[in-house]
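Okay, structure first, notes after.
2 protein chains.
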Amino acid sequence: MKNEIAEILKRNQLSVTGSRTKILELFQETNGALAHADIEKKTDETYDRVTIYRTLQTFVEKGIIHTIPTADNSVRYALCKDECTTGHHHDNHVHFICDDCGTTYCLDNITVPEVILPKGFTQKRADVIVSGICKNCE
Amino acid sequence: MKNEIAEILKRNQLSVTGSRTKILELFQETNGALAHADIEKKTDETYDRVTIYRTLQTFVEKGIIHTIPTADNSVRYALCKDECTTGHHHDNHVHFICDDCGTTYCLDNITVPEVILPKGFTQKRADVIVSGICKNCE
DNA sequence: AATTATTTGCAACAATGTTGCATTCGAATA
DNA sequence: TATTCGAATGCAACATTGTTGCAAATAATT
Numbered sequence: 001m002k003n004e005i006a007e008i009l010k011r012n013q014l015s016v017t018g019s020r021t022k023i024l025e026l027f028q029e030t031n032g033a034l035a036h037a038d039i040e041k042k043t044d045e046t047y048d049r050v051t052i053y054r055t056l057q058t059f060v061e062k063g064i065i066h067t068i069p070t071a072d073n074s075v076r077y078a079l080c081k082d083e084c085t086t087g088h089h090h091d092n093h094v095h096f097i098c099d100d101c102g103t104t105y106c107l108d109n110i111t112v113p114e115v116i117l118p119k120g121f122t123q124k125r126a127d128v129i130v131s132g133i134c135k136n137c138e
Numbered sequence: 139m140k141n142e143i144a145e146i147l148k149r150n151q152l153s154v155t156g157s158r159t160k161i162l163e164l165f166q167e168t169n170g171a172l173a174h175a176d177i178e179k180k181t182d183e184t185y186d187r188v189t190i191y192r193t194l195q196t197f198v199e200k201g202i203i204h205t206i207p208t209a210d211n212s213v214r215y216a217l218c219k220d221e222c223t224t225g226h227h228h229d230n231h232v233h234f235i236c237d238d239c240g241t242t243y244c245l246d247n248i249t250v251p252e253v254i255l256p257k258g259f260t261q262k263r264a265d266v267i268v269s270g271i272c273k274n275c276e
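If you're matching them up, the sequences are chains V and Z in order. Sequential numbering from 1 applies to the first sequence in the numbering used here. Sequential numbering from 139 applies to the second sequence in the numbering used here.
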């Protein structure tokens, strides 16, 4: 458990610190996504705001977590599954944001549909953001 | 031209003011998307920051423009095409963001592929954000 | 245990977004 | 066209969010 988290950090050439362990732990016990503010609350302001920003930034760079584009200017982060944690980068993500409760779901098992782009456009990454009502709010 | 803009405003029960006309004009002569900061610059700070915020908000409410979800926490707005301006709301958008020049394209003519959601999830809206290299940067 | 490199917290700052209120302006009416 | 009334604007003050430099603390290495 705790060891598992340390493993992930070491595997990514990151030193094992309190904040990194705690934040990664939070992501693991959350099946949805977390925003910076969520993390601040859930850690009871134990860590400096700056530390959280930098930790998130580091995790994104290492491919441990990824950002989720949202229309309302709130950056959310979610744990990358399997392939991501081994270093391979996802190029596609499907996310579902509930209009009611605001929970963000990573639908990793869903296939991203092919988008046919106009001539001259080259695709590197595709994000699909679906919003509506989730299974808990229906 | 100028009349056309006034028409759009009136059609949406909005009084025709300087800032609204100017901002709508900007969107019309931009084929990409605009962020709040872009509008501030392009209007030479003629209008108060607050006015721009409120104008954008109003336009979104009326369905004249729509927001584009981005992963980097920068809200961008783009003009809604045809159907939108007549009051009907789009439920799907495909956008392309160039990794090189940052330009955001609305690919209104592209069909949004169907996403098959797990049981209990109801879709209201879907956004596809494709990133890569655009036709001008290839 | 000592050294070194990294990470953290603090402070200060910059950017972004929000709210209340007085003034100004647009639209409708006479 | 002048008047009236509701809506939009600008200003000020504030809240939130994100960034940077630097000294102190901490983790990893020897």
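Idealized CB from N, CA, C, for every residue including glycine. Since the structure is predicted, the reported quantities are computational estimates derived from the model, not experimental observations.
| message | Using the Cβ count rule (16 or more neighbours within 10 Å means buried), how would you classify Tyr-105/V? | response | Buried, because 16 or more other Cβ atoms sit within 10 Å of the Cβ of Tyr-105/V.
| Using DSSP with H/G/I as helix, E/B as strand and the rest coil, what is Gly-132/V? | In this structure, Gly-132/V counts as strand in the three-state DSSP scheme.
| field | Minimum C-alpha distance to Leu-194/Z - residue among Asn-211/Z, Asp-176/Z and Ala-209/Z | value | The shortest Cα separation from Leu-194/Z among Asn-211/Z, Asp-176/Z and Ala-209/Z belongs to Asp-176/Z.
| request: Let me know the secondary structure DSSP gives Gly-225/Z once reduced to three states. | output: Per-residue confidence for Gly-225/Z stands at a pLDDT of 41, beneath the threshold of 50, marking its modelled position as unreliable; no derived number is given.
| query | Mind pulling the chain V residues with CB within less than 8 Å of Gln-151/Z? | reply | In chain V, no part has a C-beta under 8 Å from the C-beta of Gln-151/Z; the shortest such distance is about 24 Å.
| request: Could you run through the stretch 20-31 of chain V and flag, in chain order, every residue whose CB is less than 8 Å away from some CB of chain Z? | output: Within the stretch 20-31 of chain V, no residue has a Cβ that lies closer than 8 Å to any Cβ of chain Z.
| message | Beta carbons nearer than 8 Å to chain Z: which residues of the stretch 53-71 of chain V have them? | response | Cβ contacts with chain Z come from Thr-67, Ile-68, Pro-69, Thr-70 and Ala-71.
| task | Identify, in the order they occur along the chain, each residue of the same chain with its Cβ nearer than 8 Å to the Cβ of Cys-218/Z, setting aside the five sequence neighbours on each side. | result | Gly-201, Ile-202, Ile-203, His-204 and His-228.
| field | Bridge partners - Asp-265/Z, DSSP secondary structure assignment | value | Ile-129/V and His-231/Z, per the DSSP bridge assignment.
| message | Strictly by DSSP, which residues pair up with Cys-239/Z? | response | Residue pairing by DSSP places Cys-239/Z opposite no residue, since no beta bridge is assigned to it.
| Val-232/Z and Val-94/V: beta carbons closer than 9 Å? | Taking 9 Å as the Cβ cut-off, Val-232/Z and Val-94/V do not qualify as a contacting pair.
| message | Taking CB distances under 9 Å as the criterion, tell me whether Cys-239/Z reaches chain V. | response | So, not an interface residue.
| message | With a threshold of 9 Å between beta carbons, is Val-115/V in contact with chain Z? | response | Val-115/V counts as touching chain Z.
| In this structure, does DSSP put Ala-6/V in helix, strand or coil? | DSSP, reduced to helix, strand and coil, places Ala-6/V within a helical segment of the structure shown.
| If we count Cβ pairs, one from each stretch, closer than 8 Å, do we get three or more for the stretch 167-186 of chain Z versus the stretch 206-218 of chain Z? | Cβ pair count under 8 Å is three or more, so yes.
| So is Cys-272/Z in contact with chain V if we call contact Cβ pairs under 9 Å? | At least one chain V Cβ lies under 9 Å of Cys-272/Z.
| request: Check the Cβ of Lys-41/V against every Cβ in chain Z and list those closer than 7 Å, keeping chain order. | output: Going along chain Z, no residue has its Cβ under 7 Å from Lys-41/V, so there is no contact; the nearest lies around 19 Å.
| task | Give a yes or no on contact between the stretch 159-174 of chain Z and the stretch 24-37 of chain V, applying the rule of three or more CB pairs nearer than 8 Å. | result | In short, these stretches do not touch, since the Cβ pair count stays below three.
| request: Would you please verify whether the beta carbon of Asp-265/Z is less than 9 Å from any beta carbon of chain V? | output: Closer than 9 Å to some Cβ of chain V, the Cβ of Asp-265/Z qualifies, so yes.
| task | Assign Tyr-53/V to one of three DSSP states: helix, strand, or coil. | result | If DSSP states are grouped into helix, strand and coil, Tyr-53/V belongs with the helices.
| field | Inter-residue Cα distance where the pair is Pro-207/Z and Val-250/Z | value | For Pro-207/Z and Val-250/Z, the distance between alpha carbons rounds to 15 Å.
| query | Can you name, in chain order, every residue of its own chain whose Cβ lies under 8 Å from the Cβ of Gln-123/V, other than the five neighbours on each side? | reply | Hits under 8 Å: Val-115 and Leu-117.
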